[in-house]
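Engineer: Attaching a single structure in structure tokens format; questions to follow.
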Amino acid sequence: FADGHPYHPLSLSLFCSLQRFEKKFNSEQSSGSVSKGTQFEYAWCLIRSKYNEDIKKGIALLEELLLKGNKEEQRDYVFYLAVGNYRLKEYEKALKCIRGLLKTEPNNTQALEMEKLIKKAMQKDGLVGMAIVGGMALGAASLAGLIGLAIAKSKS
Numbered sequence: 004f005a006d007g008h009p010y011h012p013l014s015l016s017l018f019c020s021l022q023r024f025e026k027k028f029n030s031e032q033s034s035g036s037v038s039k040g041t042q043f044e045y046a047w048c049l050i051r052s053k054y055n056e057d058i059k060k061g062i063a064l065l066e067e068l069l070l071k072g073n074k075e076e077q078r079d080y081v082f083y084l085a086v087g088n089y090r091l092k093e094y095e096k097a098l099k100c101i102r103g104l105l106k107t108e109p110n111n112t113q114a115l116e117m118e119k120l121i122k123k124a125m126q127k128d129g130l131v132g133m134a135i136v137g138g139m140a141l142g143a144a145s146l147a148g149l150i151g152l153a154i155a156k157s158k159s
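All residue numbers for the sequence shown refer to the numbering used here, where the first residue is 4 and numbers rise by one.
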């Protein structure tokens, strides 16, 4: 991010040692105090996981951090909350996060890029959803037509 975080939110191929961050997080947690930095790194890693449960855990950690962070930290937390929700296909939540960020930083290029990505995914999913419904309706109409044809033939 602009404040020096070396993470690009859309580069999911970046090496992320989940075990290393999890170990560090658990170690600090067992000693009674987890630093914001450790919690953020662990959450950041979790939202890049291919497993939805990890992503949800990362979102929960970011939501906790949001309550503790200063304005600049909150910007990062909100951004990565959007990324996590996007990865879960929770597009409405992701868009809400990004739009909140864009209210305070309308020229934030990463947020603008993320907003486009979310909108594109929403549009794609909407069209895919309509195609499925359309296909089901066509299938039902075809089936009804075949049944009608069979009944007509059986009567003659």
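Where a beta carbon is used, it is the ideal one built from N, C-alpha and C, also for glycine.
(1) Please list the terminal residues of the continuous alpha helix (DSSP H) segment that includes L104.
(2) Could you check what DSSP says for K53 in three-state terms: helix, strand or coil?
(3) Can at least three beta-carbon pairs, one atom from the segment 72-87 and one from the segment 99-114, be found at a separation below 8 Å?
(4) Rounded to whole angstroms, what's the CA-CA distance from G72 to Q42? Just pull it up for me.
(5) Can you tell me which of the three DSSP states G40 falls into?
(6) Straight-line CA distance for N88 to Y54?
(7) For L65 and A46, I'd like the C-alpha separation in whole angstroms.
(8) Which residue marks the beginning of the alpha helix (DSSP H) containing N88, and which one marks its end?
(9) Would you call G61 buried or exposed, if buried means 16 or more other Cβ atoms sit within 10 Å of its Cβ?
Structural biologist: Reading off the structure:
(1) Y94 to T107
(2) coil
(3) yes
(4) 12 Å
(5) helix
(6) 13 Å
(7) 6 Å
(8) K74 to R90
(9) buried
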